[in-house]
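Using UniProt numbering, the letters of the sequence shown correspond one by one to residues 1 to 102.
In this text, a Cβ means the ideal position worked out from N, Cα and C, and glycines have one as well.
In this text, all values refer to a predicted model and were calculated from it rather than measured experimentally.
Here's the structure we're looking at; comments come further down.
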Amino acid sequence: LDTGLKELYDNFDTAFLHLFPDFVDKFNDLLQPEERIVLRKGELLNTELRIFALIRLGIDDSSQIAEFLRYSVNTIYNYRAKVKNKARISREDFEIRLMQIR
């Protein structure tokens, strides 16, 4: 990961978690217990969480998310599908509940 991209992610993670301090825990509550996201030491958000953080902010378009995070659109689609398949609620309810996280 190049320095500029790491800095972008760090700044985004810090700002987002300032707005939504309980996001990781509340997001994990939407997932099946065995599928919950465990962050590595020093990690504020990972790629999966960052994608859904952007969606929570209202950026729902996968191509915009891909451009911001510097991933391919296909990668974003795959992450979105993979996470929704780990949810303990329906895919439709997942999006609704995600947008209710405060």
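Inter-segment contact for the segment 81 to 99 and the segment 39 to 56 is present: three or more beta-carbon pairs are separated by less than 8 Å. Excluding residues up to 5 positions away in sequence, Ala66 lie with their Cβ nearer than 8 Å to the Cβ of Thr75 in the same chain. In this structure, Arg88 lies away from Leu8, with their beta-carbon atoms at least 8 Å apart.
Between the segment 32 to 39 and the segment 9 to 20 there are fewer than three inter-stretch CB-CB distances shorter than 8 Å, so the stretches are not counted as touching. Between Arg56 and Ile101, the CB-CB gap stays under 8 Å.
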